[in-house]
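This report refers to the structure that appears directly beneath it.
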Amino acid sequence: MSEEMEFNTEYDMRAKATYDDSDIQVLDGLEAVRKRPGMYIASTSEKGLHHLVWEIVDNGIDEAMAGYASTITITVDKDNVITVRDDGRGMPVGVNEKTGKSTIETIFTVLHAGGKFGGGAYKVSGGLHGVGASVVNALSEWLEVRVFHDGKIYYVRFENGGHAVKPLEVIGECDPSEHGSEVRFKADPAIFTETTVYDHDTLRDRIRQLAFLNKGIRLIFNDERAEEEKKQHYEFLFEGGLKQYVEFLNKNRTKIHPDIIYSEGAADNIEVEVAVQYNDGYNPNVYTFCNNINTVEGGTHEEGFRLALNRVINAYARENKFLKEKDDNLTSDDCKEGITAVISVKHPDPQYEGQTKTKLGNTEVRRVVSSIFGKQLERFLMENPDQAKLIMEKATLASQARMAAKKAREATRKSALSSISSLPGKLMDCSSKDASVCEIYIVEGNSAAGSAKNGRDSHYQAILPLRGKILNVEKARQHRVFENAEIRSMITAFGCGVLDEIDTSKLRYHKIVIMTDADVDGSHIRILLLTFFYRYLRPVIEQGYVYIAQPPLYKAQKGNTVRYAYTEEQMNQIRAEMGDRLSIQRYKGLGEMDAEQLWETTMDPKNRTLIRVNVDDAELADQYFSIMMGEEVEPRKNFIIENGRFATLDI
Ligand code: 1YM
1443 MSEEMEFNTE
1453 YDMRAKATYD
1463 DSDIQVLDGL
1473 EAVRKRPGMY
1483 IASTSEKGLH
1493 HLVWEIVDNG
1503 IDEAMAGYAS
1513 TITITVDKDN
1523 VITVRDDGRG
1533 MPVGVNEKTG
1543 KSTIETIFTV
1553 LHAGGKFGGG
1563 AYKVSGGLHG
1573 VGASVVNALS
1583 EWLEVRVFHD
1593 GKIYYVRFEN
1603 GGHAVKPLEV
1613 IGECDPSEHG
1623 SEVRFKADPA
1633 IFTETTVYDH
1643 DTLRDRIRQL
1653 AFLNKGIRLI
1663 FNDERAEEEK
1673 KQHYEFLFEG
1683 GLKQYVEFLN
1693 KNRTKIHPDI
1703 IYSEGAADNI
1713 EVEVAVQYND
1723 GYNPNVYTFC
1733 NNINTVEGGT
1743 HEEGFRLALN
1753 RVINAYAREN
1763 KFLKEKDDNL
1773 TSDDCKEGIT
1783 AVISVKHPDP
1793 QYEGQTKTKL
1803 GNTEVRRVVS
1813 SIFGKQLERF
1823 LMENPDQAKL
1833 IMEKATLASQ
1843 ARMAAKKARE
1853 ATRKSALSSI
1863 SSLPGKLMDC
1873 SSKDASVCEI
1883 YIVEGNSAAG
1893 SAKNGRDSHY
1903 QAILPLRGKI
1913 LNVEKARQHR
1923 VFENAEIRSM
1933 ITAFGCGVLD
1943 EIDTSKLRYH
1953 KIVIMTDADV
1963 DGSHIRILLL
1973 TFFYRYLRPV
1983 IEQGYVYIAQ
1993 PPLYKAQKGN
2003 TVRYAYTEEQ
2013 MNQIRAEMGD
2023 RLSIQRYKGL
2033 GEMDAEQLWE
2043 TTMDPKNRTL
2053 IRVNVDDAEL
2063 ADQYFSIMMG
2073 EEVEPRKNFI
2083 IENGRFATLD
2093 I
């Protein structure tokens, strides 16, 4: 803990961030944004569409974090029009000197005007994608702004690529006590060609997350689209902040100690909030944020956290004789086994690094987090000796298991690295050695594997049959995982190692295809495999190498015409198209298909549909695995009902 550190919880995040009407730098128009939207938002797919919402919500959050707003309401209308409203000061209603137009028109028509400009201002919530309100306007079919201020309602509407229809005007009166800003927009379908329909769960989950990350701010979400099975109205307000976030993340887990370790503080203009609780699982779940952005690649805040956790736990373990003099220190992994932790920092000038620019780089953050969290963790252990004991026992057990695992793992790694001759015997490898074209099908069951073997193109398609049961890695310590025969053969076949030793450049197949039956058992095996990939081979998922094969559900035949249906809807359509006297076969398993059928329907790149697995949201994936693999039946049932989207395996 450094002596010179100052703790200043009164830090004003907006210290130099006041704008006035003349501050706005006049930049290029919106034409450029419409021409090349990809340069301004992540993409014009569903992800980019949701981005528009976050851009506007961020402005409301900024106003709330500055202390002026307390509630932000987000509404999706039937026609997928978004309305975001806050109860802050209201955007400035004056005229901008440089542009001669209203400040509001300037914010919405001049690139970057609403975000960082003139050097002094910064946005706390944005930063990564903080492209500003003008980009949202540029990519909307139309956009309206209302400001409630001094008893008046100010209004301006933009159309046609972001042009104001009329200058800002007063369109009515409101109660003089009312104040705030409202932005309403409709995403332009000419830009968002894939979809302009917002996903209920995506909106709800992120809004809830923003409420956890910004304690005391009320976030309201209304989904007005008629969807009977979904609740329409949510109100999120968490006075406990990250403490409640960890409670939420751990709700389906068995906690090993009752109280959440919570710490917050500020130093050097950096605000820090950390919450931690251990569960009886073996995997760590550590989520980090900077300025509300999920820094999935970690960075200096995570390093600071890890340093403190290590330092404090080892010191306590030695002092209280959980470690003997001759024992080695507990490693970082030992201290993290079964931990659920959320780390959130707010920084005036974040630097992002890494492949996806989601790794926090500011070096001073390491020291600040380590000092603030370390101090409060130390205090928690001192004040709660019973809970401290449980944590110490967990970490020391982890350490013993780690040593056993190391031995098992070395054996596996040796075989993984040695020559091709040690590839698993049941692997039917392909002849090509060019990983970029090679595919490996992980196939459940012997008869299916037989069909796959005979149907495949052996030049680039390898088959790995799974015989034994796949281990549930969520419920097993590492050394058990590495002893499992099916898992060993996958690791050896893939050739890229696992966990922190993974090197995806050594991956022998750039498509790993999970091919299981389209029934309950099949989906269970698929989830077990995905859990293993997620926990032990995550970069392989992240880099897009994992796929799910989609075998057909039905074969429909009339005379010489044969058609396959992959969904119930398709089957209905085929029925409608082909009329009666149709012979329909329902496939119960892959094994029922002969080699030719399997090739034609599921393996031939010309016809097949492969679903790429992605991990967009680690928190959700993690919940998914802990619930799907856990012992409790009720949460699993509810989760499946609530999260229908997992049917598409977008984990
Ligand atoms: C529904 C979205 O944008 N609220 C909002 C935005 C601003 C202000 C208040 C605001 C900020 C300041 C002074 C300041 C913005 N103002 C600007 C700019 N909600 C939403 N609420 N007065 C009002 O930062 O000093 C940009 S955003 F540039 F005009 F100052």
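Going by the numbering used here, the sequence shown opens with residue 1443, and the numbers climb by one from there. Ideal Cβ placement from N, Cα and C applies to all residues, glycine included. These numbers were taken from a predicted model, which means no experiment stands behind them.
Let me check understanding here. Comparing Cα to Cα, which of 1731, 2053 and 2062 lies closest to residue 1986? The residue with the shortest Cα to Cα distance from residue 1986 is 2053.
Going by alpha carbons, who is nearest to residue 1997 out of 2035, 1966 and 1991? Comparing Cα positions, the closest option is 2035.
Please determine whether the Cβ atom of residue 1512 lies at a distance below 7 Å from any heavy atom of the ligand 1YM. No - the ligand 1YM has no heavy atom lying nearer than 7 Å to the Cβ of residue 1512.
Stretch pair the segment 1838-1851 + the segment 1915-1932: three plus CB contacts closer than 8 Å: Three or more beta-carbon pairs drawn from the segment 1838-1851 and the segment 1915-1932 are found closer than 8 Å, and the two stretches are therefore classed as touching.
Closer than 6 Å by C-beta to residue 2077: which residues in its own chain qualify, once you throw out the five before and the five after it? Chain order, please. These residues qualify, in order along the chain: 1694 and 2069.
For residue 1426, count neighbouring Cβ atoms within 10 angstroms of its own Cβ and tell me buried if that reaches 16, exposed if not. There is simply no residue 1426 to check, as the chain begins at 1443 and stops at 2093 in what is shown.
Would you report the Cα separation of residue 1590 and residue 1471, rounded to the nearest angstrom? If I take the Cα positions, the gap works out to 27 Å.
Whose CA, out of 1530, 1547 and 1527, lies closest to the CA of residue 1536? It is 1547.
Going by the CB atoms, is the gap between residue 1661 and residue 1655 shorter than 8 Å? Going by C-beta atoms, residue 1655 is not nearer than 8 Å to residue 1661.
Closest residue to residue 2027 among 2051, 1937 and 2000 (Cα-Cα distance): Minimum Cα distance to residue 2027 is reached at 2000.
By alpha-carbon positions, which one of 1774, 2056, 2065 and 2071 ends up nearest to residue 1489? Ranking the options by Cα distance to residue 1489, first place goes to 2056.
If you count every other CB in all the chains shown that lies within 10 Å of the CB of residue 1632, and 16 or more means buried, which is it? With fewer than 16 other Cβ atoms within 10 Å, it is exposed.
Rounded to the nearest angstrom, how far is the Cβ of residue 1717 from that of residue 1685, given a contact under 8 Å? Residue 1717 to residue 1685, Cβ: 5 Å. Contact.
Does residue 1773 come out as helix, strand or coil in the three-state DSSP assignment? In this structure, residue 1773 counts as coil in the three-state DSSP scheme.
Classify residue 1738 as helix, strand or coil using the three-state DSSP reduction. Three-state DSSP puts residue 1738 in coil, outside helix and strand.
With a threshold of 16 other CB atoms inside 10 Å of the CB of residue 2018, please say whether the residue is buried or exposed. So residue 2018 ends up on the exposed side.
Same chain only: Cβ atoms within 6 Å of residue 1514, ignoring 5 sequence neighbours per side: If you ignore the 5 residues before and after residue 1514, its C-beta comes within less than 6 Å of the C-beta of 1502, 1528 and 1661, all in its own chain and listed in chain order.
Please look up how many angstroms separate the CB atoms of residue 1739 and residue 1803, rounded, as I've assumed it's under 8 Å. Contact annotation, residue 1739 with residue 1803: C-beta distance approximately 10 Å; criterion of less than 8 Å not satisfied.
Am I right that residue 1699 and residue 1829 are in contact with their C-beta atoms under 8 Å? What's the rounded C-beta distance? Between residue 1699 and residue 1829 the beta-carbon gap is near 4 Å, inside 8 Å, which marks them as a contact.
Cα-Cα, which of 1619, 1620, 1675 and 1659 is closest to residue 1646? Between residue 1646 and the set 1619, 1620, 1675 and 1659, the nearest pair of CA atoms involves 1675.
Whole beta strand (DSSP E) runs in the segment 1481-1538 with 3 or more residues, listed along the chain? List check, beta strand (DSSP E) in window: 1513-1518 and 1523-1528.
Using a Cβ cut-off of 8 Å (strictly closer), state whether residue 1961 contacts chain B. Chain labels in this structure do not include chain B; a single protein chain is all it has.
Should residue 1726 be listed as close to the ligand SAH, given that the test is whether its C-beta is under 7 Å from any heavy atom? This structure lacks the ligand SAH; its bound ligands are the ligand 1YM.
Sheet register partners of residue 1707 (DSSP bridge): Paired residues: 1714.
So what does residue 1972 bridge to, in DSSP terms? Residue 1972 is not bridged to any residue.
Segment contact flag, the segment 1635-1646 with the segment 1490-1499, C-beta cutoff 8 Å, min 3 pairs: Yes, the segment 1635-1646 is in contact with the segment 1490-1499.
Using CA coordinates, which residue listed in 1538, 1715 and 2020 is at the minimum distance from residue 1688? Per the C-alpha coordinates, the member of 1538, 1715 and 2020 positioned closest to residue 1688 is 1715.
Could you check where the alpha helix (DSSP H) with residue 1825 kicks off and where it finishes? Start and end: 1806-1825.
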